[in-house]
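In the working numbering, the protein residues as written are 1 to 160.
Have a look at this one:
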């Protein structure tokens, strides 16, 4: 009996070591998978933040009719979502993250229900396209959004 016991004592140790190595590999792969998932969610969050910031800036621009005059200008988008004149974002507290191009009038048609008489100005439905880009230099998230809007204005406000 002692001979049999002596020959089997090393097998248990080897099996235990193999099991520990397998458990360690499983734990490492689980940690790696969790880190990859965390990175994916983080990238998605940065992308959505840039989209929300850009949408907010476009909504600010659309909310004022003065932005659709005969000489519309490009604007900057600051980190807090404010749309300001080009070059006025603060470098440290509120840095520039994007740009809104000057609104472009793509088409105009006479507004329905109005008749134009000689010498009068009839309203037109003008179709404007606004394109905004935003990029976060830290995460690398970049978004480009184009939005169209129809605005009823007096005639000759659409410089096609």
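Here a beta-carbon is modelled for each residue, glycine too, at the ideal position from N, C-alpha and C. No experiment lies behind these values; they were computed from the predicted model shown.
Residues near residue i by beta carbon distance below 6 Å, same chain, minus five either side
i, result
"residue 60", "83"
"residue 116", "122"
"residue 62", "149"
"residue 145", "54 and 132"
"residue 109", "125"
Alpha carbon of residue i to alpha carbon of residue j, nearest angstrom
i, j, result
"residue 143", "residue 21", "45 Å"
"residue 85", "residue 75", "5 Å"
"residue 128", "residue 119", "26 Å"
"residue 53", "residue 113", "38 Å"
"residue 33", "residue 137", "26 Å"
"residue 49", "residue 73", "25 Å"
"residue 40", "residue 51", "17 Å"
"residue 98", "residue 38", "26 Å"
"residue 157", "residue 45", "40 Å"
"residue 42", "residue 26", "24 Å"
Cβ-based neighbour list, residue i, same chain, cut-off 8 Å, excluding 5 preceding and 5 following
i, result
"residue 95", "78, 79 and 89"
Contacting residues, own chain, Cβ-Cβ under 7 Å from residue i (five flanking each side not counted)
i, result
"residue 154", "121 and 123"
"residue 67", "61 and 103"
N- and C-terminal bounds of the beta strand (DSSP E) containing residue i
i, result
"residue 131", "123–135"
"residue 99", "96–100"
"residue 111", "Residue 111 -> no beta strand (DSSP E), and no H or E assigned at all."
"residue 63", "That residue, residue 63, is in no beta strand (DSSP E); it is neither H nor E in DSSP."
"residue 153", "142–154"
"residue 78", "75–78"
8 Å contact criterion, which residue i and residue j should meet: CB distance rounded
i, j, result
"residue 47", "residue 141", "5 Å"
"residue 58", "residue 31", "No, residue 58 and residue 31 are not in contact; Cβ-Cβ is about 41 Å, not under 8 Å."
"residue 64", "residue 81", "The Cβ separation is near 15 Å, so there is no contact."
"residue 152", "residue 107", "No, residue 152 and residue 107 are not in contact; Cβ-Cβ is about 13 Å, not under 8 Å."
Neighbour-count burial assignment, residue i, 16 or more Cβ in a 10 Å radius
i, result
"residue 15", "exposed"
"residue 36", "exposed"
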